[in-house]
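Colleague: Numbering of the sequence shown is given in numbering that gives the first Met the number 0, commencing with residue 0 and proceeding in unit increments.
Structure in structure tokens, see below.
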Amino acid sequence: MDTQLLHAFVTVAEEQSFSIAAERLHITQSAISKRIALLEQQLAHTLFDRIARRVYLTESGQALLPRAKHILDSIEDTQHFMMQKSGAINGELRLATSHHIGIHRLPSILNTYRQCYPDVHLQLHFIDSEQAEAALLNNEYDLAVTTLPAAYKTAENEGTGNIQYHSLWQDPMRIVVSHQHPLYGKTVVHLAELLNYPAILPSTNTNTTQIIRKLFNESADKLIITMTSNHLDAIKMMVAIDLGWSVLPESLIDSSIHALPIKNAIINRQLGCIHHRHRTLSNAARAMLTCMKNN
0 MDTQLLHAFV
10 TVAEEQSFSI
20 AAERLHITQS
30 AISKRIALLE
40 QQLAHTLFDR
50 IARRVYLTES
60 GQALLPRAKH
70 ILDSIEDTQH
80 FMMQKSGAIN
90 GELRLATSHH
100 IGIHRLPSIL
110 NTYRQCYPDV
120 HLQLHFIDSE
130 QAEAALLNNE
140 YDLAVTTLPA
150 AYKTAENEGT
160 GNIQYHSLWQ
170 DPMRIVVSHQ
180 HPLYGKTVVH
190 LAELLNYPAI
200 LPSTNTNTTQ
210 IIRKLFNESA
220 DKLIITMTSN
230 HLDAIKMMVA
240 IDLGWSVLPE
250 SLIDSSIHAL
260 PIKNAIINRQ
270 LGCIHHRHRT
280 LSNAARAMLT
290 CMKNN
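As structure tokens, then:
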């Protein structure tokens, strides 16, 4: 059975569209239709129902999908293993990262990597940190550079789970307001005072907001969160026009916003690289990890 046929099948199943799957695989829609038809002919089963411009897996297709993914993952792992044995640093590297890290941390690293390893085809994908672990487990990416969860040290020390964590950078954060905010200009601000004013924070399920909630302890449920955004540059803009206070990395703070002098409040988050603990890393992925650690 040709792996190209299985790859086409998995891609159509994931996208639920022949046209989108064709774009993703950089082939024509007629070519991907022919591959699916040939696979159905070889297996003597209909794999998709086509209803109102959407495609849905049949019972046979649902049974084949996990097996097809397993076959493709095994082949990819074998290729990585053999490339590692050869010592060559080439091929494809799928790297996922958050917008903030991709814009403010990775440019110099990616530039160095590209100069050192020009034969690597680097695919950069932007994704929320909290989605990265599930995507890695689903073999969508080789590496992800993310905000690490607060409990990552426990998982790493115990060697549990399927995600390997590599801490790279400490990212100190500050509570910020606009120059028009009532707390602007105060020499000392207590955390409890912030409970009286609207806050703009990332979504509740994000690692960053979990760190912020931990800072407020039992008072976290009293936070007046009026807006949420997972894009820190957007939050910075909203703070600057006095829509609320927030917590931002020190690297984002400039004259457009003001960092409050909070008493007894230290906010740090850890940024790092993660990958599947039990999947063989390609030489390209290992080289990227080394490049990030040495930066």
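All C-beta atoms, glycine included, are put in the ideal place defined by N, C-alpha and C.
If you follow the alpha helix (DSSP H) that Gly101 is part of, which residue opens it and which one closes it?
Modeller: Where Gly101 is concerned, the enclosing alpha helix (DSSP H) stretches over His98 to His103.
Colleague: Let me make sure I understand the geometry here. Which of Leu109, His180, Asp48 and Lys68 has the alpha-carbon closest to that of Trp244?
Modeller: It is His180 whose Cα lies nearest to the Cα of Trp244.
Colleague: With distance defined between alpha-carbon atoms, name the residue in Lys213, Leu194 and Gln122 nearest to Thr203.
Modeller: For Thr203, the nearest C-alpha among the options comes from Lys213.
Colleague: Buried or exposed: where does Leu123 fall if 16 or more other Cβ atoms within 10 Å of its Cβ makes it buried?
Modeller: Exposed.
Colleague: With distances taken from CA atoms, which of His277, Asn229 and Ile88 is nearest Ser97?
Modeller: Closest option to Ser97, Cα to Cα, is Asn229.
Colleague: Taking the beta carbon of Phe47 as the centre, do at least 16 other beta carbons fall within 10 Å, making it buried, or is it exposed?
Modeller: Burial call: buried.
Colleague: What span of residues does the alpha helix (DSSP H) with Asn110 cover, start to end?
Modeller: Where Asn110 is concerned, the enclosing alpha helix (DSSP H) stretches over Pro106 to Cys115.
Colleague: Given a threshold of 16 other Cβ atoms within 10 Å of its Cβ, counted over all protein chains shown, does Pro201 qualify as buried or as exposed?
Modeller: Buried is the call here.
Colleague: Grouping DSSP H, G and I as helix and E and B as strand, with all else coil, what is Ala198?
Modeller: Correct three-state label for Ala198: strand.
Colleague: Buried or exposed for Pro117, going by 16 or more other Cβ atoms inside 10 Å?
Modeller: Pro117 should be labelled exposed.
Colleague: To the nearest angstrom, how far is the alpha carbon of Leu121 from that of Val188?
Modeller: Their Cα atoms are separated by approximately 46 Å.
Colleague: With DSSP as the reference, please indicate the residues paired to Arg49 in a beta bridge.
Modeller: DSSP, once it has assigned bridges, lists Val54 as partnering Arg49.
Colleague: In this structure, does DSSP put Val144 in helix, strand or coil?
Modeller: Strand at Val144.
Colleague: Excluding the 5 residues flanking Ile108 on each side, which residues of the same chain have their C-beta closer than 7 Å to its C-beta?
Modeller: Contacts found: Cys290, Met291 and Asn294.
Colleague: Since Ile256 and Ala239 should fall inside the 8 Å C-beta cutoff, what is the C-beta to C-beta distance between them, to a whole number of angstroms?
Modeller: With a Cβ gap of about 5 Å, Ile256 and Ala239 count as contacting.
Colleague: Could you say which of Ile74, Arg23 and Ile252 lies nearest to Pro171 if we only look at CA atoms?
Modeller: Closest by alpha carbon: Ile252.
Colleague: What is the DSSP secondary structure of Gly184, reduced to helix, strand or coil?
Modeller: The answer is coil: DSSP assigns Gly184 none of H, G, I, E or B.
Colleague: Shortest alpha-carbon distance to Ile234 belongs to which of Lys221, Pro248 and Thr111?
Modeller: The residue with the shortest Cα to Cα distance from Ile234 is Pro248.
Colleague: Tell me which same chain residues have a C-beta within less than 8 Å of the C-beta of Ser18, skipping the five on either side of it?
Modeller: Correct list, in chain order: Gln28.
Colleague: Report the rounded CA-to-CA distance for Gln78 versus Asp232, giving the unit in angstroms.
Modeller: The alpha-carbon atoms of Gln78 and Asp232 are separated by roughly 39 Å.
Colleague: Taking Cβ positions, are Leu94 and Ala12 nearer each other than 7 Å?
Modeller: Their beta carbons are not under 7 Å apart, which means Leu94 does not touch Ala12 by this criterion.
Colleague: Could you check what DSSP says for Ile26 in three-state terms: helix, strand or coil?
Modeller: Three-state result, Ile26: coil.
Colleague: Considering only C-alpha positions, which residue in the set Gln3, His103, Asp141 and Lys185 is nearest to Ser281?
Modeller: Among Gln3, His103, Asp141 and Lys185, the Cα nearest to that of Ser281 belongs to Asp141.
Colleague: Over what stretch of residues does the alpha helix (DSSP H) that includes Leu206 continue unbroken?
Modeller: Leu is not the amino acid found at residue 206; the sequence shown has Asn there. Looking at the DSSP string, the run of the alpha helix (DSSP H) that includes Asn206 is Asn206 to Phe215.
Colleague: So Ile162 is in the alpha helix (DSSP H); what residue range does that whole segment cover?
Modeller: Counting along the chain, Ile162 falls outside any alpha helix (DSSP H), though it belongs to the beta strand (DSSP E) covering Ile162 to Val176.
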